[in-house]
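Notes to accompany the following structure.
There are 2 protein chains.
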Amino acid sequence: MELNSINIHKLKKIPVEGGNVLHALKKSDKGFKKFGEAYFSWINPKSIKAWKKHNLMTLNLIVPIGKIRFVFHNTMYPEVFRVEILGEGNYCRLTVPPNIWFGFQNLSDHASLVTNISDIEHQDSESDKAEINTFPFKWSEY
Amino acid sequence: MELNSINIHKLKKIPVEGGNVLHALKKSDKGFKKFGEAYFSWINPKSIKAWKKHNLMTLNLIVPIGKIRFVFHNTMYPEVFRVEILGEGNYCRLTVPPNIWFGFQNLSDHASLVTNISDIEHQDSESDKAEINTFPFKWSEY
């Protein structure tokens, strides 16, 4: 899948006394397909989780805590990577269609949290994994 | 609505190298109705957000960070409150049907985060608010 099919959408933070409210995903949002599952994934300081490719699942990725670099790759273009940095300072939702390799790295000194709201439930059989050195992205350069 | 109609469901934390994965809600989970919206609500240390009642919305409340006391109330039984403490140490999902008054309080020294996955989109017109002293719950006692 082409990397420009990944959609980035700025999300609202609403100031509320006692603690802010942060939007994530509405049924009426442009590009929303259907709900399958919501789950959280922590990523520890200095950690990298890479690579994974979903063959059926569309992801909606939101980072309410910390700062995470997401890297996307299409094997048709071996040297090309798309990078998006999400977190408290750039509070957005990434909608990622299936058939794109991706990895992510914590850029914060603390643990960061990704929420994924996907259109189908998790099943190992619809995803592929690859070792971090499978694709020539230079993770240390930031 | 009767307070025993609030459902509590233990959620899985899956150990993963680089950061754990935490379940939240699947389409196939018992009691799941439909997806309307997902959003986050921070609650600052020592803060209380109370009271609110949704007239149409069913809530799915999950606390991936911190420790929060939720208090539920049905005005048919003026002295009765149902209390559930959720957070990292008791990682559960609360499913709350409409027509129940609720409030919540941060019991952690740090900010805590609630995720709500609701069956309809947020609209102010379907909820009522009341001042904290409207119902005789003793928030300071814990």
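Chains as they are written, first to last, in the numbering used here: chain A, 1 to 142; chain B, 1 to 142.
All residues carry an ideal CB built from backbone N, CA and C; glycine is no exception.
- By the criterion of at least three beta-carbon pairs nearer than 8 Å, the segment 84-94 of chain A is in contact with the segment 61-69 of chain A.
- Taking a contact to require three or more Cβ pairs closer than 8 Å, the segment 45-63 of chain B and the segment 115-134 of chain A do not qualify as touching.
- In the structure shown, the three-state DSSP call for B:I68 is strand.
- Note: B:H110 is not bridge-paired with any residue in the DSSP secondary-structure output.
- Residues of the segment 16-35 of chain A with a C-beta atom less than 7 Å from some C-beta of chain B are G18, G19, N20, V21, L22, H23, A24, L25, K26, K27, S28, F35, listed in chain order.
- A Cβ-Cβ contact shorter than 8 Å links A:W101 with A:F72.
- Assignment of B:L3 by DSSP, reduced to helix, strand and coil, places it in the helix class.
- With a beta-carbon spacing of about 16 Å, B:K33 and A:E121 fall beyond the 8 Å limit used to define contacts.
- Relative to the Cα of B:F137, the nearest Cα in the group B:Y91, B:P15, B:E79 belongs to B:E79.
- The beta carbon of A:M1 sits closer than 8 Å to those of N74, P97, P98, N99, I100, all from its chain and outside the five residues before and after it, given in chain order.
- Shown here for B:D128: same chain residues with a beta carbon closer than 6 Å to its own, the five before and five after excluded, namely K53 in chain order.
- With a cutoff of 8 Å on beta-carbon distance, A:N133 and A:S47 are scored as not near each other.
- Within chain B, not a single residue places a beta-carbon under 8 Å from that of A:E88; the smallest gap is close to 11 Å.
- One Cα belongs to B:K10, the other to B:C92, and the distance between them is close to 4 Å.
- Measuring C-alpha to C-alpha distances from A:P15 to each of B:F40, B:G31, B:Y77 identifies B:F40 as the nearest.
- Chain B has no Cβ within less than 8 Å of the Cβ of A:Y77.
- The beta-carbon of B:W42 is placed less than 8 Å from the nearest beta-carbon of chain A.
- For the beta strand (DSSP E) assignment, the uninterrupted runs of no fewer than 3 residues enclosed by the segment 5-62 of chain B are, from N- to C-terminal side, 7-10, 21-26, 37-43, 48-54.
- By the Cβ-count criterion, A:I62 is buried, with 16 or more other Cβ atoms from all chains shown falling within 10 Å of its own Cβ.
- For A:A38, the nearest CB of chain B lies under 8 Å from its own CB, placing it at the interface with that chain.
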